[in-house]
Amino acid sequence: MEKLLNEQVNLEMYSANAYWAMCSWFSDKDLDGFANYFKVQAKEELFHAEKQFNYIHDVGGKVTIGAIEQPESDFSSVLEIFEITLAHEKAVTKSIGNLIKAAFEESDFATHTFLQWFVTEQVEEEATVSQIISKLKMIGDNSSALYLLNTELAQRTFNAATGGAA
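When we follow the working numbering, the leftmost residue of the sequence shown carries the number 1, and every step to the right adds one.
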């Protein structure tokens, strides 16, 4: 379980780096609302890693931080970035599911319970990204509509109390 939890911490840290790379791409395009969305997303992923880090220590485990793979940073479109994001979030969801399965198989009910928060979080993550993809497909090449979505995403903030977006 400890090995799997450490791998999850590493995955969350990779996620943060990937979202920082996406934030940078949007910043380079002066799409500050989209950049803000991914800045908040990166903070959330680091919060997830910290929550898991603390849990491993709380149960007497040892945290082992591995190398973090360099994320992609060259993208062709706004839609592509969100499609990559959705695929990544689905991979994180699968990883959390594998952790839950392992915890259950090992009768590690404390870890099983701890991971339930992440299940709920992943449902929210995937739903949010899916909604943005739907909006982007509806927008198409309409720059005015893209501007409005950019403005909407600029309002997103990180809530340190819950580890989520507000």
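Built from N, CA and C at the ideal position, the CB exists for glycine as well.
Assuming residue i and residue j make a contact with CB atoms under 8 Å, what is their CB distance in whole Å?
{"i": "I68", "j": "N6", "result": "That belief does not hold up - the Cβ atoms of I68 and N6 are roughly 13 Å apart, past 8 Å."}
Using beta-carbon positions only, say whether residue i and residue j come within less than 7 Å of one another.
{"i": "I132", "j": "F82", "result": "yes"}
{"i": "L99", "j": "L11", "result": "no"}
{"i": "E72", "j": "E126", "result": "no"}
{"i": "F158", "j": "K51", "result": "no"}
{"i": "Q122", "j": "T85", "result": "no"}
{"i": "G97", "j": "E2", "result": "no"}
{"i": "K137", "j": "L149", "result": "no"}
Do you know whose CA, among the options, lies nearest residue i's CA?
{"i": "A145", "options": "G33, I96, Q8, N10", "result": "G33"}
{"i": "N17", "options": "V123, G61, L31, A49", "result": "A49"}
{"i": "A165", "options": "S15, L31, Y37, Q8", "result": "Y37"}
{"i": "F47", "options": "S24, D30, E106, S15", "result": "S15"}
{"i": "D141", "options": "H112, V78, Q116", "result": "V78"}
{"i": "V63", "options": "E124, V9, T128", "result": "V9"}
{"i": "C23", "options": "M13, K29, A35, D30", "result": "A35"}
{"i": "F53", "options": "T162, V119, F114", "result": "F114"}
{"i": "T162", "options": "V40, H112, S130, Y147", "result": "V40"}
{"i": "A91", "options": "L31, S143, V119", "result": "V119"}
{"i": "T111", "options": "D58, A21, L31", "result": "D58"}
{"i": "V129", "options": "F109, S107, E80, E106", "result": "E80"}
Could you have a look at residue i and say whether DSSP puts it in helix, strand or coil?
{"i": "A160", "result": "coil"}
{"i": "A154", "result": "coil"}
{"i": "D67", "result": "The amino acid at residue 67 is misidentified as Asp; the sequence shows Ala. Coil, per DSSP."}
For residue i, is the classification buried or exposed, using 16 other Cβ atoms within 10 angstroms of its Cβ as the cut-off for buried?
{"i": "I65", "result": "exposed"}
{"i": "Q199", "result": "Because the chain in this structure spans residues 1 to 166, residue 199 falls outside the shown range and cannot be described."}
{"i": "K167", "result": "Beyond the ends of the chain as shown, which are 1 and 166, falls residue 167; an answer cannot be given."}
{"i": "E45", "result": "buried"}
{"i": "Q155", "result": "exposed"}
{"i": "F104", "result": "exposed"}
{"i": "F26", "result": "buried"}
{"i": "T151", "result": "exposed"}
{"i": "Y147", "result": "exposed"}
Consider the C-beta atom of residue i and the heavy atoms of the ligand NAD; say whether any pair is separated by less than 6 Å.
{"i": "F47", "result": "Among the components of this structure there are no ligands whatsoever, and the ligand NAD is therefore not found."}
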